[in-house]
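Chemist:
Residue numbers (this note's numbering): 296 to 413.
(1) Residue 325 to residue 385, Cα distance in whole Å?
(2) Going by beta carbon distance, what residues of the same chain come within less than 6 Å of residue 327, once the five residues before and after it are set aside?
(3) Closer than 6 Å by C-beta to residue 383: which residues in its own chain qualify, once you throw out the five before and the five after it? Chain order, please.
(4) Could you tell me whether the Cβ atoms of residue 387 and residue 307 are closer together than 8 Å?
(5) Tell me the DSSP secondary structure of residue 309 in three-state form.
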């Protein structure tokens, strides 16, 4: 019981069931060596978990522009960031824990209905 409170799993069947329950959700998995990976679980096989793992990619500067056409550093917008999600597969026997990535609930500043019903 104490192991499940700390999100550590003794058998792979309970970890497999939790991975099946989190299909389509953004999760953080902890490997047996202590490394962590965040991503979206795409599918769960009998011995593997297939995930879409996010990696940040910065937009490259256009090298063809001359120094007169470029803006000086610190002015304007910084380079755009893109996030790719390549597929990666992890064996279930190497996973130590799985946790949902919790997003804060933001209440809308306006009511859902635009008109008041009298």
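Heads up, the beta-carbon is just placed ideally off N, CA and C, and yes, glycines get one too.
Keep in mind it's a predicted model, so treat the numbers as computed, not measured.
Modeler: In short, the structure shows the following:
(1) The C-alpha of residue 385 is placed about 11 Å away from the C-alpha of residue 325.
(2) If the five residues before and after residue 327 are omitted, its C-beta is found closer than 6 Å to the C-beta atoms of 389, 391, all from its own chain and listed in chain order.
(3) The beta carbon of residue 383 lies closer than 6 Å to those of 346, 348 in the same chain, with the five residues before and after it left out.
(4) In contact: residue 387 and residue 307 (Cβ atoms closer than 8 Å).
(5) DSSP places residue 309 in helix when its eight states are reduced to three.
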